[in-house]
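Numbering-wise, the sequence shown is residues 4 to 671 according to the working numbering. Every residue, glycine too, gets a C-beta built ideally from N, C-alpha and C. Only one structure is covered here, and it is reproduced in the block below.
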Amino acid sequence: MLTKFKMFLFIFIPILIGLYVRFDDLKIWLKNKHFYFFKDRAIFTGNDSFFFARYAEEYFSGKYKPGEPDFLRNVPDFLPYWDPVPLLSVLSGFISKLQGDYIENISLWLIPILSVLFVIPMVLFFKRIGYPLAGFSGALLTVISLAYLPRTSIGRLDTDSLNLFFPFAIALFLLLFSYERKNIKYLYISLAGILANLYMWWYQQPSLLLAIVISFLIFLTIERKLKFSKDDLIGIGVFLLLANPMNLFKGISNAIYKIQSYVFLAGEKAVQGGFPNIQQWVTELEHYDFSRLGKLIVGNEFLFGLGLFGLLLLIVNKWKPFILLLPFLVLGFIPLIGAMRFSMYLVPFIGIGIGAIFDFLIQKFKEKKALEENNKLNFGLSLISAAIILGLLLYTNKYSFAFVIKPKFPPPLAGDFLSLKEKTEENAWIWTWWSEGYMVEYYGNRGVFVDPGSQFTPKTYFIALSYSIDKPYLAKNTILSIASVGLKGIKEELNKGIPPEKIKENVLKGKYIKDVKNPIYWLFTIRSLAAFDGINKIGTWNFKLQNGLEKQYQYIGRCKNLSRTKILCSVWKIDLKEGIVKAGNKYYPLKAIYFKTSKGEIKKGIYNQKGLNLVLVNSNYGAFGFLMYDQPLRSMFTQMYLLRNFDRENFELVYDNFPFSVLYKVKK
């Protein structure tokens with residue numbers, strides 16, 4: 004009875020804390036709805052959320068056609084609809100229809116609930132192998148870690164919400180099958196197979212299923228010492244059948260692609276014939292050093308190292324059950340050498356290692372005192388250890404309780420995305436930075452050239468090129484060229500042996516332009532204000548040096564006049580009388596100031612021959628400041644978006660709601 008109560012606490016406490024730390028944000032959202040909602044619908048907190056939401060709406064409206072071209076994605080090449088439709092889209096869409104509410108609002112409570120379900124199989128798995136505190140500690144750390152919390156908070160409609168539940172649940176039932184001697188083992192293996200199939204429908208990464216099956220076969224082979232019983236063979240067959248053998252065949256090619264993308268290519272500067280590798284500028288593919296990774300995962304470098312040490316001890320002592328978790332242990336260790344995207348998989352193992360140390364200490368204490376098995380003693384030692392773990396992890400992760408998840412953009416931008424349905428033709432294509440893609444598809448129902456699921460191609464380079472280039476007709480040629488030939492045309496040129504420099508030259512000259520029937524619009528949004536320095540590095544890529552211009556541009560925030568000659572923009576102080584820019588103890592010469600008035604006039608002042616240019620833009624939402632050198636000053640980003648200084652022969656201004664969005668139509 005005491006053991007069952009202890010396990011109830013070990014499951015209940017992490018779930019309760021996990022729900023609290025997520026729903027605590029919801030109180031702030033509801034209290035300040037103008038920051039987090041557009042009218043009566045919440046703003047999603049993740050890019051992929053818009054993708055799953057659109058597929059949910061199209062599935063329940065009958066527009067979704069599995070395997071057929073999705074005419075909103077990756078124009079003019081198009082990507083196929085997922086086959087099958089994502090399970091997350093089916094689930095969220097069904098609840099949305101049932102409750103008659105927006106999917107965004109459903110995600111405010113659905114995702115937090117899903118995200119803590121992994122606690123149950125994790126705690127039970129480690130209880131079954133004799134290390135209950137390891138399971139408790141792993142569950143507790145995971146629900147509050149800043150490596151997992153932002154990915155599973157309110158408003159983030161994403162598969163990460165169950166991406167820990169499925170692995171631990173499958174491993175638990177495979178473990179129970181291998182240990183059980185009664186007929187109930189067939190129930191366990193059947194549940195493992197069903198969950199594996201649901202996992203593939205949920206995450207659609209067959210390489211992981213392949214790894215799970217291989218790990219299970221290795222584990223069972225070692226456990227049975229190469230002597231399989233009839234029950235074992237039947238169980239393996241049931242598992243493979245219910246998990247769907249077709250997924251295993253797909254897993255081989257999927258595994259090769261994933262290893263190349265997330266391990267070997269993440270740090271490369273160039274891919275695809277010399278075009279820049281966009282992965283370098285994707286935050287979640289960034290590599291963190293040991294110190295930064297430790298603080299992200301557990302809030303403390305020492306505990307991070309301690310968790311790794313405890314995990315190693317546990318693996319040495321209980322290496323066979325860990326074979327069932329091996330695929331996800333490998334994923335967890337990727338951030339130590341590659342992309343931090345998979346740090347959420349490392350979190351539970353660090354927590355498991357910390358808890359395992361307490362399990363070891365209890366075992367050693369009982370051995371030293373020669374104590375017999377005593378339920379009350381075990382209960383007392385476990386509760387004391389759990390209390391220490393609870394206090395320790397809550398303290399080192401205290402910032403998680405102060406963390407408030409934010410929408411991907413301010414609410415007025417949602418209105419601008421929605422207005423695309425009115426301001427553009429139904430067959431219009433939108434030329435914009437890849438991070439806006441899913442939002443344009445979801446709100447505006449318009450096709451985009453690149454989105455967060457198709458950004459790692461040369462097409463993204465050419466979009467960046469159009470932002471960085473200094474002549475309107477060259478930007479127009481770039482847009483119409485890609486609209487004419489797409490990624491397919493670029494690859495055909497590369498296959499002919501044409502170097503990327505020559506392809507770029509042909510694009511700028513307009514040699515690939517054909518008759519494009521779809522109207523094309525260029526959309527700039529507020530999300531690019533802080534991102535432009537990275538965009539500009541891609542757009543100014545030097546194919547010989549394999550690099551682009553860095554630190555040429557800085558968004559310095561909202562500005563206010565301290566006097567007629569002094570302007571303050573966040574920590575930046577501009578002295579117009581002396582012609583200098585000051586930030587902390589550093590001084591920079593001010594070359595010129597360009598002031599966009601609320602009436603649309605551009606005023607200019609010259610101060611020094613060299614230095615930084617200040618672009619000051621007044622709008623209905625206040626004044627915004629930007630510091631930059633000459634190259635980004637001349638760029639289409641600055642001229643067309645910040646200053647609205649555009650060439651009327653090549654572009655037509657359709658909508659101006661700076662800084663939230665500015666929309667141009669490309670003249671043909």
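Here alanine 199 is buried: its Cβ has 16 or more other Cβ atoms, across all protein chains shown, within 10 Å. In terms of Cβ geometry, glycine 141 and glycine 297 do not form a close pair [threshold 8 Å].
Leaving aside the five residues that flank glycine 489 on each side, the residues in its chain whose CB is nearer than 6 Å to its CB run, in chain order, Pro79 and Asp80. When only Cα atoms are considered, phenylalanine 74 and lysine 66 end up about 11 Å apart.
For alanine 342, the secondary structure class from DSSP, reduced to helix, strand or coil, is coil. Leucine 144 is not a Cβ neighbour of leucine 526, given a cutoff of 8 Å. Separation of the CB atoms of alanine 389 and phenylalanine 139 is rounded to 6 Å, and the pair is thereby assigned contact status at 8 Å.
For proline 592, same chain residues with a beta-carbon under 8 Å away, outside a window of 5 residues either side, are Gly582, Ile583, Val584, Tyr610, Asn611, Lys613, Gly614 and Leu615 in chain order. Residue environment for lysine 507: buried (at least 16 other C-beta atoms within 10 angstroms of its C-beta).
DSSP links lysine 569 through a beta bridge to Asp578. Here alanine 174 is buried, its C-beta having at least 16 other C-beta atoms within 10 Å. Tyrosine 182: member of the alpha helix (DSSP H) spanning 168-182, first to last residue.
Put simply, the backbone Cα of threonine 435 is about 29 Å away from that of leucine 90.
For threonine 600, the closest alpha carbon among the candidates Ala586, Tyr590, Leu579 and Tyr624 is that of Tyr624. Note: arginine 561 is bridge-paired with Phe627 in the DSSP secondary-structure output. Leucine 416 has its alpha-carbon roughly 8 Å from the corresponding atom of threonine 528. In this structure, DSSP gives glycine 450 an extended state, which the three-state scheme calls strand. Here alanine 45 is near leucine 111, since their CB atoms are less than 8 Å apart.
DSSP, read as helix, strand or coil, puts arginine 44 in strand. In the assembly as shown, isoleucine 255 is an exposed residue. Its beta-carbon has fewer than 16 other beta-carbons within 10 Å. Non-local C-beta neighbours of tyrosine 191 in its own chain, meaning closer than 7 Å and more than five positions away in sequence, comprise Phe176, Leu179, Phe180 and Glu183, ordered along the chain. Contiguous alpha helix (DSSP H) elements confined to the stretch 101-150 occur at 106-118, 122-131 and 135-147, taking only those with 4 or more residues. If you look at alanine 246, you'll find it in the alpha helix (DSSP H) that goes 233-246. Beta bridge pairing from DSSP links tryptophan 544 with no other residue.
Counting of Cβ neighbours within 10 angstroms places proline 72 among the exposed residues, the total staying below 16.
Of the residues Glu655, Asp292 and Leu332, the one whose Cα lies closest to the Cα of valine 350 is Leu332.
The Cβ atoms of valine 241 and tyrosine 206 do not sit closer than 8 Å to each other.
Note on geometry: alpha-carbon atoms of methionine 4 and isoleucine 215 lie some 34 Å from one another.
Excluding the 5 residues flanking it on each side, isoleucine 116 has same chain C-beta neighbours closer than 8 Å at Leu22, in chain order. Between proline 413 and threonine 48, the gap from beta carbon to beta carbon reaches 8 Å or more.
Around the beta carbon of arginine 567, a 10 Å sphere encloses fewer than 16 other beta carbons of the protein chains shown; the residue is thus reported as exposed.
If you look at alanine 595, you'll find it isn't in any alpha helix (DSSP H); it sits in the beta strand (DSSP E) that goes 589-599. Under the Cβ criterion (8 Å, minimum of three pairs), the stretch 326-346 does not count as touching the stretch 417-434.
For glycine 608, the enclosing beta strand (DSSP E) covers residues 605-609. Per DSSP, aspartate 419 is one residue of the alpha helix (DSSP H) stretching across 414-421.
Under the DSSP definition of a beta bridge, alanine 586 partners with Trp575 and Lys589.
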